[in-house]
Amino acid sequence: MPGLVSVKTPPDAPAPRISLPDASPRSDPAPNPNPIQAQAPTPPKPASPLPKKPPSPSPSRSKFSPRKPPPESPGSAAGAGAGVPPDASLDNPDLGPFLLKLARDTIASGDGPAKALDYAIRASKSFERCTADGEPSLDLAMSLHVLAAIYCSLGRFEEAVPALERAIQVPEPGRGPDHALASFSGYMQLGDTFSMLGLVDRSIGCYEQGLKIQIEALGETDPRVGETCRYLAEAHVQAMQFDKAEELSKKTLEIHRAHSEPASLEEAADRRLMALICEAKGDYESALEHLVLASMAMIANGQDNEVAAIDVSIGNIYLSLCRFDEAVFSYQKALTVFKSSKGDSHPSVASVYVRLADLYHRTGKLRESKSYCENALRIYSKPVPGTTAEEIACGLTEISAIYESVDEPEEALKLLQKAMKLLEDKPGQQSTIAGIEARMGVMFYMIGRYEEARNSFENAVTKLRASGERKSAFFGVVLNQMGLACVQLFKIDEAAELFEEARSILEQECGPCHQDTLGVYSNLAATYDAMGRYFFFWKLQITFSLSPSLPPSLPPYICIYICSVNFDLDY
Numbered sequence: 017m018p019g020l021v022s023v024k025t026p027p028d029a030p031a032p033r034i035s036l037p038d039a040s041p042r043s044d045p046a047p048n049p050n051p052i053q054a055q056a057p058t059p060p061k062p063a064s065p066l067p068k069k070p071p072s073p074s075p076s077r078s079k080f081s082p083r084k085p086p087p088e089s090p091g092s093a094a095g096a097g098a099g100v101p102p103d104a105s106l107d108n109p110d111l112g113p114f115l116l117k118l119a120r121d122t123i124a125s126g127d128g129p130a131k132a133l134d135y136a137i138r139a140s141k142s143f144e145r146c147t148a149d150g151e152p153s154l155d156l157a158m159s160l161h162v163l164a165a166i167y168c169s170l171g172r173f174e175e176a177v178p179a180l181e182r183a184i185q186v187p188e189p190g191r192g193p194d195h196a197l198a199s200f201s202g203y204m205q206l207g208d209t210f211s212m213l214g215l216v217d218r219s220i221g222c223y224e225q226g227l228k229i230q231i232e233a234l235g236e237t238d239p240r241v242g243e244t245c246r247y248l249a250e251a252h253v254q255a256m257q258f259d260k261a262e263e264l265s266k267k268t269l270e271i272h273r274a275h276s277e278p279a280s281l282e283e284a285a286d287r288r289l290m291a292l293i294c295e296a297k298g299d300y301e302s303a304l305e306h307l308v309l310a311s312m313a314m315i316a317n318g319q320d321n322e323v324a325a326i327d328v329s330i331g332n333i334y335l336s337l338c339r340f341d342e343a344v345f346s347y348q349k350a351l352t353v354f355k356s357s358k359g360d361s362h363p364s365v366a367s368v369y370v371r372l373a374d375l376y377h378r379t380g381k382l383r384e385s386k387s388y389c390e391n392a393l394r395i396y397s398k399p400v401p402g403t404t405a406e407e408i409a410c411g412l413t414e415i416s417a418i419y420e421s422v423d424e425p426e427e428a429l430k431l432l433q434k435a436m437k438l439l440e441d442k443p444g445q446q447s448t449i450a451g452i453e454a455r456m457g458v459m460f461y462m463i464g465r466y467e468e469a470r471n472s473f474e475n476a477v478t479k480l481r482a483s484g485e486r487k488s489a490f491f492g493v494v495l496n497q498m499g500l501a502c503v504q505l506f507k508i509d510e511a512a513e514l515f516e517e518a519r520s521i522l523e524q525e526c527g528p529c530h531q532d533t534l535g536v537y538s539n540l541a542a543t544y545d546a547m548g549r550y551f552f553f554w555k556l557q558i559t560f561s562l563s564p565s566l567p568p569s570l571p572p573y574i575c576i577y578i579c580s581v582n583f584d585l586d587y
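The numbering of the sequence shown is my numbering, which starts it at 17 and goes up by one.
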């Protein structure tokens, strides 16, 4: 049974502060003729499109201030201490900038985003009322960006989406660089919000639209276009769309090589991403080449910790190539650096322990493997301050795979359940949780708990459908596994539907001769045989037997199946 894996989510950075721009529109673009380089009205964009950890939601609830608000109302004059006028005066064109400034001052004073939210809502209403019919207002777009940023800081991502969808409709990029900046910022911020909601396909669509606007304004070779290309490539990696990610990464690398010094940090980051994509596609030699060049660039820039992280990636490539001695050397180099710079109990040290445990397991040294697993678990059980739940969950998932391979499914299940519990209340982790649930389904299947296996697979399928990964090869594999669980529960009709959907996906993503696709063919043929649908069974077996690249491990009964088909068919 094929193993199930999910794309790793990088550790979260601390939640950024909300940075609100000035309320007045930019009237003189001379200091920056090409402004599309940052999302000015949005919070600082994270280094990766992978989901980031939001601030803890506040129990405060925002609302429009009534004409005579109570003293405790966040939008009242008494509450704000600034004499905020009631909603009836929002037609005053001077009120919008004042309210937006008040929101900025509220955040700067440390009062929290709850009051600022009320001011931002009313500022948006004021700009909306004062906007001339048919004229796009950059003030309105900016206030909506700020409003959405505050919603996100409160963890209310669903409420941020309508504000951003309205914001991207306001500017007209053809009117000049300011409008282009507002439109670009809106699409990128909306993409980040969709990413936090786990809607990867919609997130990618927003990033692509933002990139298109940026290219039209700056040209295809501007360094800022390269940054956006890398951002979009990382989103494609998260969605396991590696061909598109590779195309964008190559473009990013070309742009940065043209505009940066040799062995720059930007080029090193591009090569690390290219290595990740090449590794995912099975091109280990190319991945190793990119990692070596990235390591040289980091050494030249004195980035010792980054060099150690690259050494871990190099060790992973050597492990995939079965060059075990070189892998051990790379891991030990990284371990020495991490221990000296971060301490013996840092999660980076634990991650290297996990890689060494996997290596020694593959080489048959089970005692050493188990020892490294226990050392890693000891660190994860008492994490140092600053360790994120995502780091711990990732480590537990990797250790569970080792326990699974040494025939300890019960222990593997416990670790997977702990990992899922750590992530279940984290926004933007739907795909990761789906991967964990799929792994749990495999464990349940292995120990004969088929009903629980089916339920785990069903939960994973539901999350993957919602996150836009319904066309990935991973999704096809999960459907196939769920179909096998249904067969064990004698739900033959449901199994046939799942195998059919898995077949269509894997044929598209992997091709008809891939081993995963051939496995689905075999499962579907056997299911049709059990259902008495001999015509479809016969067609599948003919396709199966004529495949030019059948793996040698396939069962020899294919021709027997074809010869034993009942040809008394009613057409």
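Cβ coordinates follow ideal geometry from the N, Cα and C atoms, glycine included.
- prompt: Which value, in whole angstroms, describes the spacing of the CA atoms of I34 and L534?
  reply: For I34, the pLDDT reaches just 39, beneath the cut-off of 50, and the residue's location in the model is therefore unreliable, although a value from the coordinates is still provided. Distance between the alpha carbons of I34 and L534 is about 51 Å.
message: Output needed for S472: all residues of its chain with C-beta closer than 8 Å, excluding positions within five of it in sequence on either side, in chain order.
response: Sequence-distant Cβ neighbours of S472 in its own chain, meaning closer than 8 Å and more than five residues away, are E453, A454, M456, G457, F460.
query: Whose C-alpha, out of S219, V216, K434, A546, is nearest the C-alpha of D509?
result: Comparing Cα positions, the closest option is A546.
- request: Quick one: using the 10 Å Cβ neighbour count with 16 as the cut-off for buried, is P401 buried or exposed?
  value: Exposed, by the Cβ-count rule.
field: Cβ neighbour criterion (16 or more within 10 Å) applied to D441
entry: Residue burial annotation: D441 is exposed, with fewer than 16 other C-beta atoms found within 10 angstroms of its C-beta.
Neighbour-count burial assignment, D259, 16 or more Cβ in a 10 Å radius: By the 10 Å Cβ count, D259 comes out exposed.
message: Please classify A176 as buried or exposed, where buried requires at least 16 neighbouring CB atoms within 10 angstroms.
response: A176 is buried by the Cβ-count criterion.
- prompt: Cα separation between S483 and D217?
  reply: Each residue's alpha carbon lies about 7 Å from the other.
task: Might you give, ordered along the chain, the residues of its own chain that have their beta carbon closer than 6 Å to the beta carbon of L115, omitting 5 neighbours on each side?
output: Contacts found: Y135, R138, A139.
message: If the criterion is Cβ atoms closer than 7 Å, does the pair A313 and E283 meet it?
response: Between A313 and E283, the CB-CB gap stays under 7 Å.
query: What whole-angstrom Cβ distance do L256 and S488 have, given they're in contact under 8 Å?
result: At residue 256 the sequence reads Met, which differs from the Leu that was named. Indeed, because the Cβ distance is near 5 Å, the residues count as touching under 8 Å.
- request: Note down the Cα distance separating A366 from T413, rounded to an integer number of angstroms.
  value: Annotation: A366 to T413 spans about 13 Å, alpha carbon to alpha carbon.
query: Rounded to a whole number of angstroms, what is the C-alpha to C-alpha distance between L170 and P129?
result: Annotation: L170 to P129 spans about 7 Å, alpha carbon to alpha carbon.
field: Check whether L156 and L180 have beta carbons under 7 Å apart
entry: In this structure, L180 does not lie closer than 7 Å to L156 by Cβ.
message: If I measure Cβ to Cβ from M462 and keep anything under 6 Å in the same chain, skipping five residues before and after, which residues do I get?
response: Excluding positions up to five away in sequence, the list reads P425.
query: How should E174 be labelled, buried or exposed, when 16 other C-beta atoms within 10 angstroms of its C-beta is the threshold for buried?
result: Exposed is the call here.
- prompt: Tell me which same chain residues have a C-beta within less than 6 Å of the C-beta of I220, skipping the five on either side of it?
  reply: The answer, listed in chain order, is A251.
task: Could you say if the segment 384-397 and the segment 340-357 meet the contact criterion of at least three C-beta pairs nearer than 8 Å?
output: By the C-beta criterion, the segment 384-397 is judged not to be in contact with the segment 340-357, since fewer than 3 inter-stretch pairs fall below 8 Å.
field: Straight-line Cα distance separating E485 from S211
entry: If I take the Cα positions, the gap works out to 13 Å.
query: Taking the continuous alpha helix (DSSP H) assigned at D134, which residues delimit it?
result: Unbroken alpha helix (DSSP H) run through D134: 129-146.
- prompt: Taking DSSP as the reference, what is the three-state secondary structure of N317?
  reply: DSSP places N317 in coil when its eight states are reduced to three.
field: Nearest to S336 (by Cα), restricted to the options I166, S302, S265
entry: For S336, the nearest C-alpha among the options comes from S302.
task: Could you pull the start and end residues of the alpha helix (DSSP H) that G221 belongs to?
output: For G221, the enclosing alpha helix (DSSP H) begins and ends at 216-234.
message: According to DSSP, is P113 part of a helix, a strand, or is it coil?
response: P113: helix per DSSP, three-state reduction.
- prompt: Looking at C-beta atoms only, is the number of pairs between the segment 264-284 and the segment 311-326 that lie closer than 8 Å three or more?
  reply: Touching, yes, given that three or more Cβ pairs across the two stretches are closer than 8 Å.
message: Assuming the contact rule is C-beta atoms closer than 8 Å, F345 and T379 should be a hit. Round their C-beta distance to whole Å, please.
response: Approximately 14 Å separates the beta-carbon atoms of F345 and T379; this is outside 8 Å, ruling out the contact.
- prompt: With DSSP run on the structure shown, which of helix, strand or coil describes V493?
  reply: In this structure, V493 counts as helix in the three-state DSSP scheme.
field: P363 (DSSP reduced to helix, strand or coil)
entry: Three-state result, P363: helix.
query: L480: which of V493, T122, A542 sits nearest, CA to CA?
result: If we check each option's Cα against that of L480, V493 comes out closest.
message: Using the three-state DSSP reduction, which class does S329 fall into: helix, strand or coil?
response: In the three-state reduction of the DSSP assignment, S329 falls in the helix class.
query: Terminal residues of the continuous alpha helix (DSSP H) containing N108?
result: Taken as a continuous stretch (DSSP letters only), N108 belongs to no alpha helix (DSSP H), as it is neither H nor E.
query: Considering only C-alpha positions, which residue in the set Q319, A428, Y466, Q497 is nearest to E517?
result: Out of Q319, A428, Y466, Q497, Q497 has the C-alpha closest to the C-alpha of E517.
field: N-terminal and C-terminal residue of the alpha helix (DSSP H) that E277 is part of
entry: Counting along the chain, E277 falls outside any alpha helix (DSSP H), and DSSP gives it neither H nor E.
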